[in-house]
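Residue numbers (the working numbering), protein chains in the order written: chain A, 1 to 115; chain B, 1001 to 1115. C-beta: ideal position from N, C-alpha, C; glycine also. Report on the following structure.
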DNA sequence: TCTTCAATTGAACATATGTTCATATGTTAA
DNA sequence: TTAACATATGAACATATGTTCAATTGAAGA
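Listed below in structure tokens is the structure:
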């Protein structure tokens, strides 16, 4: 199985150099998690909505055209990954972007897509 | 179904303002696609490897500890999304990062994770 | 042309993920 | 404390996604 690789065209110096500069698995996994949470259009739309101002669950549901339940599920995921944070005010729970880095990431990819 | 929302706590002004500044669906979808393609640890590792230097399929496979076939599948996805590009040299095919924006995105998220 | 070998592709499988419906929290006002 | 209501949660379902094995393509040298 692994023997196949040995007779292939591997440039061992390059490979070793690349392996040395490769971030730890944990770092890669955390980067991937951030990208993953932003990779669903529904969630991305929520984050884009919150880029402007604080909104409650039911406002977000109205913006996204989805049920409160669906939005709540997505918000929980976003909360777990520290993408958004919330505060309760009476019966409502208001959400905002938690992290400036996320705002920057979103803005950058938005610029990229818009050329 | 939709009637439920009407009797809830929706702030119509906020909602309308947010809807106006919301990017088009196509833009959101393209942003999501970029994030999605970077959200798989296997693919992210490939991109991180290519951040340093040009590598052939079989070098990448060695770096990532996966089969050439698996890497080839991932590279095709990365190619389709214009994340990487390739050039043939003899029997080998060498890959590099296609887009500076991608490099910037990766670097930013790497910094973020590293505090 | 034939052989070797790096890369690609196809198809099938297992797993992960988002969504939905139903139910449960928890807060406010009466 | 009760009723009303905004939000959250659980479980089940359908779909999407990554991986694997097998077969194919395409290039280089004998």
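Per DSSP, which residues does residue 1085 of chain B bridge with? Please list them. Note: residue 1085 of chain B sits in a beta bridge opposite B:1096.
Assigned secondary structure, residue 55 of chain A (DSSP; H/G/I helix, E/B strand, else coil): Strand.
Taking the alpha-carbon of residue 1011 of chain B as reference, which of A:83, A:76, A:61 has the nearest alpha-carbon? Of all alpha-carbon atoms in A:83, A:76, A:61, the one lying nearest the alpha-carbon of residue 1011 of chain B is that of A:61.
Please list, in chain order, all residues of the same chain as residue 1021 of chain B whose beta carbon is under 6 Å from its beta carbon, the five residues on each side excluded. So no residue of the chain qualifies.
For the region 31–41 of chain A against the region 1021–1039 of chain B, do three or more pairs of beta-carbon atoms, one drawn from each stretch, fall closer than 8 Å, so that the two count as touching? Taking a cut-off of 8 Å on C-beta distances, the region 31–41 of chain A touches the region 1021–1039 of chain B, as three or more cross pairs fall below it.
Of all the options B:1113, B:1070, B:1054, B:1069, which has the alpha carbon lying nearest to the alpha carbon of residue 1089 of chain B? Put simply, of B:1113, B:1070, B:1054, B:1069 the residue whose alpha carbon is nearest the alpha carbon of residue 1089 of chain B is B:1054.
Is the Cβ-Cβ distance between residue 44 of chain A and residue 1108 of chain B less than 9 Å? Taking 9 Å as the Cβ cut-off, residue 44 of chain A and residue 1108 of chain B do not qualify as a contacting pair.
Drop a sphere of 10 angstroms on the beta-carbon of residue 1002 of chain B, count the other beta-carbons inside from all chains shown, and report buried for 16 or more, exposed for fewer. Residue confidence for residue 1002 of chain B is low, a pLDDT of 35 falling below 50, so the modelled location carries little weight; the figure read from the coordinates is stated next. Exposed.
Output needed in chain order: residues of the region 1023–1048 of chain B with a Cβ under 7 Å from some Cβ in chain A. Hits within the stretch, in order: 1023, 1027, 1028, 1029, 1030, 1031, 1032, 1034, 1035, 1036, 1038, 1039, 1040, 1041, 1044, 1045, 1048.
By a C-beta neighbour count over all protein chains shown, 10 Å radius and 16 as the cutoff for buried, is residue 1029 of chain B buried or exposed? When all chains shown are included, residue 1029 of chain B counts as exposed.
Neighbour flag for residue 99 of chain A against chain B, beta carbons, 9 Å: True, the Cβ-Cβ gap to chain B drops below 9 Å.
For the alpha helix (DSSP H) containing residue 1028 of chain B, name the first residue and the last one. Segment 1025–1037, the alpha helix (DSSP H) holding residue 1028 of chain B.
Per-residue contacts from residue 70 of chain A into chain B (C-beta, under 7 Å): Going along chain B, no residue has its Cβ under 7 Å from residue 70 of chain A, so there is no contact; the nearest lies around 13 Å.
What separation, rounded to the nearest whole angstrom, lies between the Cα atoms of residue 1097 of chain B and residue 1057 of chain B? Residue 1097 of chain B and residue 1057 of chain B: Cα-Cα distance of roughly 13 Å.
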